[in-house]
Amino acid sequence: MNVFIRQLTGVRFLAAAWVLLYHLQIPLNTLGVLVIPVLSDFFRVGRLGVDLFFALSGFILAHTYLERMGEQFKIKTSGFFLWLRLGRIYPVHIVMLVVAGLAVYAQAKVTGDALSRDWLTPWDFLKNLLLIQEWGPQPQRGWNFVAWSLSMEWLAYLLFPFIVLVLWRFRRSLPTWGLLVAWVVVLIPLVVYGLNTTDSYYTDQWGSTIRVLTEFIAGGITYLIVARLHPGMQGDPAPKVERVATVLTIVLPLLVVVGSVILANMPAAQPPQITLGDDSEPLPPYFHLLLVPLLIAWIGALALSRRGLTRFLGTQTLVLGGFISYSLYMTHLVWFGLWRAGMKAAGIDGGALYGIGVIGLVIGALVIAWLMWKFVEEPAREWMRKLVGVRPKPTEEAGAAIASAHHQTDGAEPIVVSEKE
47 MNVFIRQLTG
57 VRFLAAAWVL
67 LYHLQIPLNT
77 LGVLVIPVLS
87 DFFRVGRLGV
97 DLFFALSGFI
107 LAHTYLERMG
117 EQFKIKTSGF
127 FLWLRLGRIY
137 PVHIVMLVVA
147 GLAVYAQAKV
157 TGDALSRDWL
167 TPWDFLKNLL
177 LIQEWGPQPQ
187 RGWNFVAWSL
197 SMEWLAYLLF
207 PFIVLVLWRF
217 RRSLPTWGLL
227 VAWVVVLIPL
237 VVYGLNTTDS
247 YYTDQWGSTI
257 RVLTEFIAGG
267 ITYLIVARLH
277 PGMQGDPAPK
287 VERVATVLTI
297 VLPLLVVVGS
307 VILANMPAAQ
317 PPQITLGDDS
327 EPLPPYFHLL
337 LVPLLIAWIG
347 ALALSRRGLT
357 RFLGTQTLVL
367 GGFISYSLYM
377 THLVWFGLWR
387 AGMKAAGIDG
397 GALYGIGVIG
407 LVIGALVIAW
417 LMWKFVEEPA
427 REWMRKLVGV
437 RPKPTEEAGA
447 AIASAHHQTD
457 GAEPIVVSEK
467 E
């Protein structure tokens, strides 16, 4: 039994919800929710949900493919891996790429705004179609903006057949302390880059590439450390290990919250625009990437714990939320844009009707995500898996959403998502 699959599936939903709340800062501020300082500070760094997903991806893929891909490079196995990963991310991406273009047109019609977007070009569409739109030192985002992270995930997937060779050798040759050193070394470029104060979004100068590769590889090394502390990944880890891990599952996210509050009140961390506008959320504070190592360590702690927060993340509701998290991430921003255009056209900008509208916005986002997962994401992925003779539904997913406290896996890949700006 892969003992950590359930709680890490639940983490995916929390990460997607964090990104969603990041984008909902304007309506939440209108409702007065952000008068609570801790909430506003925490939501302001919600884009870190994608960094958490990058690391989760590295962790889960190392767990799934280390044995079958790590010993030596195999073209056929690598191609098989890339096809399965494409089956995971591409169907929803294609649908939302088209929907995003139609949504821009519809929004312009509803609001009366001019249909002018510098990214609304065939060339940008082609880059998005090929998932290369975020590659390079100065990426220009457009269409379904959140898909920038899919572009980065795809880059990590293309490199994974080589990354896993390194992870394999790390596992065989490095002691546990050596793995910890490797974990720190891999994250140094991220920390150094995160100390700059030229781009609050950390996308310029290869920022997105630095983020995904350091976090993805660190996630893989985290898996190696977990496997070293919990040999065989069966049953429960050693009592002392689990006690420490259980404490860390609480302490580490609390440190992230504390860090977000400190950054929000540190003058040197404030970018040019920090107040909410009518159509734009406040820029996140500088240095927020320094919180990422805490999130990656949290993944390892959750994988080693069976109590407290871990049990909560493994509940049926959170696991189902994890299953729809990718569709939630991919659909929520387009839905939010249409909702905002509709509210503007109706002249609703506050009061009780606005509050009801925000509730409808959140419920609508979850319903749309479920529908996308149920009728596009899962059927398309199962079809693509059948084409290469793989079990249509990974075993761990087949049982986890329905209620089993125990479930098995055939080594098929669990899901991972990404973030947005």
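Numbered according to the working numbering, the sequence shown spans residues 47 to 467. Ideal Cβ placement from N, Cα and C applies to all residues, glycine included.
When you compare the CB positions of GLY56 and GLY360, do they come within less than 7 Å of one another, or not?
Numbered from 1 along the sequence shown, position 10 holds the residue referred to as residue 56. Numbered from 1 along the sequence shown, position 314 holds the residue referred to as residue 360. Yes. Within cutoff.
With a 10 Å radius around its C-beta and 16 neighbouring C-beta atoms as the bar for buried, classify ILE409 as buried or exposed.
To locate residue 409, count along the sequence shown from 1; it is residue 363. Exposed: under 16 other Cβ atoms inside 10 Å.
Are the beta-carbon atoms belonging to LEU196 and HIS139 less than 7 Å from one another?
The residue you call residue 196 lines up with position 150 of the sequence shown. The residue you call residue 139 lines up with position 93 of the sequence shown. Yes.
How should GLU327 be labelled, buried or exposed, when 16 other C-beta atoms within 10 angstroms of its C-beta is the threshold for buried?
Taking the sequence shown and counting its residues from 1, one reaches residue 327 at position 281. So GLU327 ends up on the buried side.
Counting along the chain, where does the alpha helix (DSSP H) carrying GLY401 start and finish?
Indexing the sequence shown from 1 puts residue 401 at position 355. Segment 397-418, the alpha helix (DSSP H) holding GLY401.
Three or more beta-carbon pairs under 8 Å between the stretch 54-71 and the stretch 96-116, yes or no?
Counting Cβ pairs under 8 Å, three or more are found: they touch.
CA-CA distance, LEU399 and GLY393?
The residue you call residue 399 lines up with position 353 of the sequence shown. The residue you call residue 393 lines up with position 347 of the sequence shown. Spanning the two alpha carbons is a distance of roughly 10 Å.
So, for ILE448: in the same chain, excluding its five sequence neighbours on each side, which residues have a beta-carbon less than 7 Å away from its beta-carbon?
Your numbering for residue 448 matches position 402 in the sequence shown. Legend: pLDDT at ILE448 = 42, less than 50; position of this residue unreliable, no value from coordinates given.
Work out the CA separation of VAL365 and ARG52 for me, nearest whole Å.
As a position in the sequence shown, residue 52 is number 6, starting the count at 1. As a position in the sequence shown, residue 365 is number 319, starting the count at 1. Taking the straight line from one Cα to the other gives about 6 Å.
Does VAL91 come out as helix, strand or coil in the three-state DSSP assignment?
Against the sequence shown, residue 91 aligns to sequence position 45. It is coil, neither helix nor strand.
Taking 7 Å as the cut-off, decide whether the C-beta atoms of MET115 and VAL210 are in contact.
Start at 1 with the first residue of the sequence shown, and residue 115 comes out as number 69. Start at 1 with the first residue of the sequence shown, and residue 210 comes out as number 164. Yes, Cβ-Cβ distance for MET115 and VAL210 is below 7 Å.
Please list, in chain order, all residues of the same chain as ALA108 whose beta carbon is under 6 Å from its beta carbon, the five residues on each side excluded.
Within the sequence shown, residue 108 is the residue found at index 62, counting from 1. Within the same chain, ALA108 has close Cβ partners LEU213, GLY266 and TYR269.
If you follow the alpha helix (DSSP H) that LEU355 is in, where does it begin and where does it stop?
The residue you call residue 355 lines up with position 309 of the sequence shown. Note, LEU355: alpha helix (DSSP H), 355-359.
When the distance is taken between beta carbons, is PRO317 closer than 7 Å to SER371?
Numbered from 1 along the sequence shown, position 325 holds the residue referred to as residue 371. Numbered from 1 along the sequence shown, position 271 holds the residue referred to as residue 317. Cβ atoms of SER371 and PRO317: not closer than 7 Å.
Going straight from the alpha carbon of LEU54 to that of LEU348, what length do you get?
Along the sequence shown, one-based indexing puts residue 54 at 8. Along the sequence shown, one-based indexing puts residue 348 at 302. Rounded to whole angstroms, LEU54 to LEU348 spans 7 Å at the Cα level.
With a CB to CB cut of under 6 Å and the five nearest residues on each side skipped, what residues in its chain are close to GLU459?
Here residue 459 refers to the residue found at position 413 of the sequence shown. With a pLDDT of 39 at GLU459, under the threshold of 50, the modelled position of that residue is not reliable, and the figure given next carries that caveat. Answer for GLU459: THR110 and LEU130, listed in chain order.
My parser needs the alpha helix (DSSP H) runs of 4 or more residues fully inside the stretch 110-172; what are they?
DSSP runs (the alpha helix (DSSP H)) wholly in the stretch 110-172: 121-157.
Could you check whether VAL302 and LEU337 sit closer than 7 Å to each other, using their CB atoms as the reference points?
On the sequence shown, position 291 is the one that residue 337 refers to. On the sequence shown, position 256 is the one that residue 302 refers to. Yes, Cβ-Cβ distance for LEU337 and VAL302 is below 7 Å.
Is the CB-CB distance between VAL258 and ALA343 below 7 Å?
Taking the first residue of the sequence shown as 1, we reach residue 258 at position 212. Taking the first residue of the sequence shown as 1, we reach residue 343 at position 297. Not closer than 7 Å, so no.
Return helix, strand or coil for ILE394, following the three-state DSSP convention.
What you label residue 394 is simply residue 348 of the sequence shown in a count that begins at 1. It is coil, neither helix nor strand.
From what residue to what residue does the alpha helix (DSSP H) around ILE263 run?
In the sequence shown, counting from the first residue as 1, residue 263 sits at position 217. Per DSSP, ILE263 belongs to the alpha helix (DSSP H) from 253-275.
Find out if the Cβ-Cβ distance for the pair LEU374, ALA310 is shorter than 7 Å.
Taking the first residue of the sequence shown as position 1, residue 374 is located at position 328. Taking the first residue of the sequence shown as position 1, residue 310 is located at position 264. No, they are not a contact pair.
Determine the direct distance from the alpha carbon of PRO299 to that of GLN362, and round the result to whole angstroms.
Here residue 362 refers to the residue found at position 316 when the sequence shown is read from its first residue. Here residue 299 refers to the residue found at position 253 when the sequence shown is read from its first residue. The alpha-carbon atoms of GLN362 and PRO299 are separated by roughly 22 Å.
Confirm, please, whether the CB-CB distance from TRP385 to LEU417 is below 7 Å.
If you number the sequence shown from 1, residue 417 lands on position 371. If you number the sequence shown from 1, residue 385 lands on position 339. No; because the gap between Cβ atoms is not below 7 Å, this pair is not in contact.
From GLY388 to PRO330, what distance separates their C-alpha atoms?
Taking the sequence shown and counting its residues from 1, the one referred to as residue 388 is at position 342. Taking the sequence shown and counting its residues from 1, the one referred to as residue 330 is at position 284. For GLY388 and PRO330, the distance between alpha carbons rounds to 27 Å.
Any idea what DSSP makes of PHE382, helix, strand or coil?
Within the sequence shown, residue 382 is the residue found at index 336, counting from 1. Looking at PHE382 - three-state DSSP - the assignment turns out to be helix.
If we call anything under 7 Å between Cβ atoms a contact, is PRO479 one with TRP252?
Given a span of 47 to 467 for the chain in the structure shown, any question on residue 479 remains unanswerable.
Enumerate in chain order the residues of its own chain whose CB-to-CB distance from GLY368 is below 6 Å, with the five nearest sequence positions on each side excluded.
Taking the first residue of the sequence shown as position 1, residue 368 is located at position 322. Once the five neighbours on either side are set aside, the close Cβ partners of GLY368 are THR55, GLY56, ARG58 and PHE59.
Roughly how many whole angstroms lie between the Cα atoms of LEU433 and ASP87?
Looking up residue 433 in the sequence shown gives position 387. Looking up residue 87 in the sequence shown gives position 41. Going by the C-alpha atoms only, they are around 46 Å apart.
Is GLY147 close to chain D, meaning its C-beta is less than 7 Å from at least one C-beta of that chain?
Absent from the structure: chain D. Only one protein chain is present.
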